[in-house]
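Notes for the one structure printed next.
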Amino acid sequence: MADLDRVLVLAGGLSPEHEVSVRSGRRVAESLRRLDIEVQTADVDAALLGRLSADPPQAVFPVLHGAPGEDGVVREVLEVSGVPYVGARPDACRRAYAKPVAKALVEAQGVAVPRGVALPKAAFRDLGARELVERIAAALGLPLFVKPDQGGSAFGAASVATTDALSSALVNCFAYGDTAMVEARVEGTEVAVSVVDTGEGPAALPPVEIVPDGGVYDYAARYTAGRTEFFAPARLEAPVMETAKEAALTAHRALGLRDLSRTDMIVEESGRVVFLEANVAPGMMETSLFPMAVEAAGMDFAVVCRELAHRAMLRG
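Okay, so the sequence shown: first residue is 1014 according to the numbering used here, each after it adds one.
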């Protein structure tokens, strides 16, 4: 079996999640180097295609958050360049990145999802914002949660308790995308369940419980030290733990993902698991949920990264 010697880590990108991606990519690169693998890092820019042609790596490890990292674009480029890479293929990325599509596909497999609507900016502008907001609030009930239909790191996301707050949240959300998702806020324990496949089929890692100090896991809560408390594994009863892990596996398969993913969900007091969204390029920093889950499973993060890159190399 061929040895893995050279990996290219892609990190950065042009999305609002650039800095998070850079930090995640640095962690992956340092981890692989610890295992004596030659690692180069690169951003997505005009030099990328030349780099891939002049010195093709054995595998690319994309750690790009947001567009064009998670929407399939970069992976399309890697495919047409004939370079193997870690993670989901472009079509699967598109399914997961479009949150309304992901919700529909996962719900079709029997996993609960929040009630909600996808609201384009044009509808908000042209149909009478005030009346439309009031109808949405009446149909879904308050409180609600607003987020862009694409992207991550909680950019443009907000929890709202009044119709006035809903209007403001939508205006802010439209700064990050042309369509907003408005969902009934699901109360319960917020958990993230990572899935990894190093060659023996996808396996769900221990759920990580998220307890932000302000009650909402927004950008500040994600990336400010001390703002959020994590429990890995989550403080769930064993049967509920297994239900959450099975829901993540169902989402991974329903969306056609490969190698790794992270599914975010809420566990209601009754034990019902509600799917929120799936991520094809989870964060890889020390404070990120995927590495926490790897550690909780008793696995070495560097070894997992190496095995994922080696698996990609063998795919050719």
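We treat Cβ as the ideally placed atom computed from N, Cα and C, and that holds for glycine.
| message | Within the continuous alpha helix (DSSP H) that includes Thr1300, where are the two ends? | response | Here Thr1300 belongs to no alpha helix (DSSP H), and DSSP marks it neither H nor E.
| field | Bridge-paired residues (DSSP) for Tyr1098 | value | In the DSSP output, where bridge partners are listed per residue, Tyr1098 has Val1073.
| said: Taking 6 Å as the limit between beta carbons, can you name the residues of its chain near Asp1272, skipping five residues before and five after? | reply: Closer than 6 Å at Cβ, skipping near neighbours: Val1099, Gly1100, Asp1210 and Leu1321.
| request: Could you tell me the boundaries of the alpha helix (DSSP H) in which Asp1104 lies? | output: Looking at the DSSP string, the run of the alpha helix (DSSP H) that includes Asp1104 is Pro1103 to Tyr1110.
| So, is Pro1127 buried or exposed, given that buried needs 16 or more other C-beta atoms within 10 angstroms? | It is buried - the Cβ of Pro1127 has at least 16 other Cβ atoms within 10 Å.
| task | Measure the alpha-carbon distance for Thr1256 versus Met1305 and round it to whole angstroms. | result | For Thr1256 and Met1305, the distance between alpha carbons rounds to 20 Å.
| field | Where the alpha helix (DSSP H) through Met1194 begins and ends | value | Residue range Thr1192 to Ala1197 is occupied by the beta strand (DSSP E) that includes Met1194, with no alpha helix (DSSP H) assigned at that position.
| field | Three-pair Cβ contact test at 8 Å for the segment 1207–1225 versus the segment 1147–1162 | value | The answer is no - the segment 1147–1162 does not touch the segment 1207–1225, with fewer than three Cβ pairs under 8 Å.
| Exposure of Gln1071, with buried meaning 16 or more beta-carbon neighbours within 10 Å | Per the 10 Å Cβ criterion, buried.
| query | Roughly how many angstroms separate the alpha carbons of Val1076 and Glu1259, rounded to a whole number? | reply | Approximately 25 Å between the Cα atoms of the pair.
| query | What number of angstroms, rounded off, separates the C-alpha of Tyr1189 from the C-alpha of Gly1169? | reply | If you draw a straight line from the Cα of Tyr1189 to the Cα of Gly1169, it is about 6 Å long.
| query | Are Leu1270 and Ala1105 closer than 9 Å when you measure CB to CB? | reply | Note that the C-beta distance between Leu1270 and Ala1105 is below 9 Å.
| Ordered list of beta strand (DSSP E) runs contained in the segment 1142–1197, each at least 3 residues | Those beta strand (DSSP E) runs which fall completely within the segment 1142–1197 and span 3+ residues are 1157–1161, 1171–1173 and 1192–1197.
| field | CA-to-CA distance, Ile1149 to Cys1318, given in whole angstroms | value | Answer to the nearest angstrom: the Cα atoms are 44 Å apart.
| said: Strictly by DSSP, which residues pair up with Ile1223? | reply: Note: Ile1223 sits in a beta bridge opposite Glu1203 and Phe1243.
| said: Using C-beta distances below 8 Å, list every residue in its chain close to Arg1039, excluding the 5 sequence neighbours before and after it, in chain order. | reply: Cβ neighbours of Arg1039 beyond the five flanking positions: Ala1024 and Thr1054.
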